[in-house]
Amino acid sequence: MNLLRIDQELCRTCGLCSAICVDDVFAPARPGAYPDPVNEQNCISCGHCVAICPAEAISHNRLRREKTVAFKEKRPRVAPEDMELLLRSKRSIRHFKNTPVPRDRIGKLLEIAQQAPSDTNSQDRRYIVVTDRPTLDELEERLIGYYKSLIFWMKAPVRKFLSLFTPHLMEELGKVLPDFKAVVRKHEQGEKPVFRGAPCVIFIYGSKGNLMGKDNCLTAQDYLMLQAETMGLGSCIIGYATGAPGTLAKILNIPKGMQVYSAITLGYPKYRSPRGVDRNDPVVRWI
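Under the working numbering, the first residue of the sequence shown carries the number 72, and numbering increases by one thereafter.
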């Protein structure tokens with residue numbers, strides 16, 4: 072396959088590449104012997120071997136060398152108290168300035184989002200960035216229409232009939248029915264209760280058939296939102312959008328077999344909170 076190339080002039084025969092690879096791509100390391108990628112067909116292009124090589128002796132045909140980032144220290148260290156402060160300061164932003172987010176900043180966010188873990192390094196996720204106001208308004212209208220239809224189906228006679236076939240679903244929908252009604256009411260009052268007038272909405276979608284498809288999208292979502300926080304951008308997860316995947320698929324032309332698992336509003340916050348607030352203590356079982 073010639074997927075991996077070992078520069079023997081640089082290689083120190085330390086065996087780290089063989090030790091770190093969990094897919095047995097390399098033959099077992101032998102003292103003084105150069106690494107031998109005998110099972111390249113097993114490679115998932117995770118890049119562990121390239122990342123750990125102290126001599127930069129390994130080239131991988133699927134990984135762009137110019138995208139490799141050299142760390143000044145053995146591992147970049149963010150002070151725990153700084154990381155905690157960042158996480159505590161991250162809030163769901165629902166009020167945005169009327170300021171566009173530059174495309175290059177969005178591009179950087181997507182680049183960082185793609186660094187998020189995925190199953191067997193599948194990177195099974197794609198992105199749609201919507202900044203066009205008419206498109207965002209159409210999405211808002213269509214989603215409101217979807218929730219109006221749900222409210223109709225939850226009316227007493229219909230709800231009772233459907234409960235005979237899907238009792239659990241109808242019970243769960245009943246719990247969030249007041250929220251649906253509130254969203255529709257705010258829309259009728261001239262508000263934009265779904266996307267909150269955000270200048271940018273990012274959708275992340277993945278394969279329905281992949282058991283980890285949703286997880287692949289959500290890890291990218293979290294990376295993106297935390298990176299956005301460091302760039303002065305606010306964000307919010309929009310469950311009212313992902314709760315209507317069929318509606319999104321039609322408007323956004325999502326390919327068959329794929330589903331939107333994440334919708335994130337993005338923009339410059341109109342307000343900033345000067346403090347973090349309390350959260351419930353974690354519910355834990357130690358085993």
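The beta carbon of each residue, even a glycine, is placed where N, CA and C say it ideally should be.
Three-state secondary structure (DSSP) of residue i
i	result
residue 92	coil
residue 119	helix
residue 244	helix
residue 284	helix
residue 76	strand
residue 292	helix
residue 108	coil
residue 259	helix
residue 81	coil
residue 354	coil
residue 360	A question about residue 360 goes unanswered here, because the residues of the chain that appear run from 72 up to 358.
residue 103	coil
Pairwise C-alpha distance: residue j and residue i
i	j	result
residue 263	residue 289	25 Å
residue 226	residue 309	25 Å
residue 235	residue 220	Residue confidence for residue 235 is low, a pLDDT of 48 falling below 50, so the modelled location carries little weight; the figure read from the coordinates is stated next. Computed Cα separation, rounded: 19 Å.
residue 179	residue 278	24 Å
residue 437	residue 293	Any answer about residue 437 is impossible in this case: the structure gives the chain only from 72 up to 358.
residue 77	residue 97	11 Å
residue 201	residue 256	25 Å
residue 173	residue 299	12 Å
residue 204	residue 353	40 Å
residue 216	residue 325	19 Å
residue 301	residue 109	43 Å
residue 112	residue 74	9 Å
residue 287	residue 150	27 Å
residue 246	residue 159	29 Å
residue 211	residue 334	12 Å
residue 336	residue 313	12 Å
residue 208	residue 356	45 Å
residue 330	residue 296	20 Å
residue 214	residue 161	27 Å
residue 137	residue 148	23 Å
residue 188	residue 102	33 Å
residue 131	residue 171	38 Å
Integer Cβ distance of residue i from residue j, believed to fall under 8 Å
i	j	result
residue 323	residue 274	6 Å
residue 104	residue 90	Incorrect: roughly 13 Å between the Cβ atoms, too far for contact.
residue 88	residue 123	7 Å
residue 120	residue 85	No, residue 120 and residue 85 are not in contact; Cβ-Cβ is about 12 Å, not under 8 Å.
residue 271	residue 164	Not really, about 12 Å apart at Cβ, beyond 8 Å.
residue 368	residue 81	Shown here, the chain extends from 72 to 358; a query on residue 368 therefore has no answer.
residue 192	residue 117	4 Å
Bridge partner(s) assigned by DSSP for residue i
i	result
residue 336	272, 307
residue 344	Note: residue 344 sits in no beta bridge, so no partner.
residue 277	330
Inside the region 294 to 331 only - alpha helix (DSSP H) runs reaching at least 4 residues: 310 to 313, 316 to 323
Any alpha helix (DSSP H) of 4 or more consecutive residues that is wholly inside the region 128 to 166: 151 to 160
Complete runs of the alpha helix (DSSP H) confined to the region 170 to 238 [at least 4 residues]: 174 to 184, 204 to 224, 227 to 233
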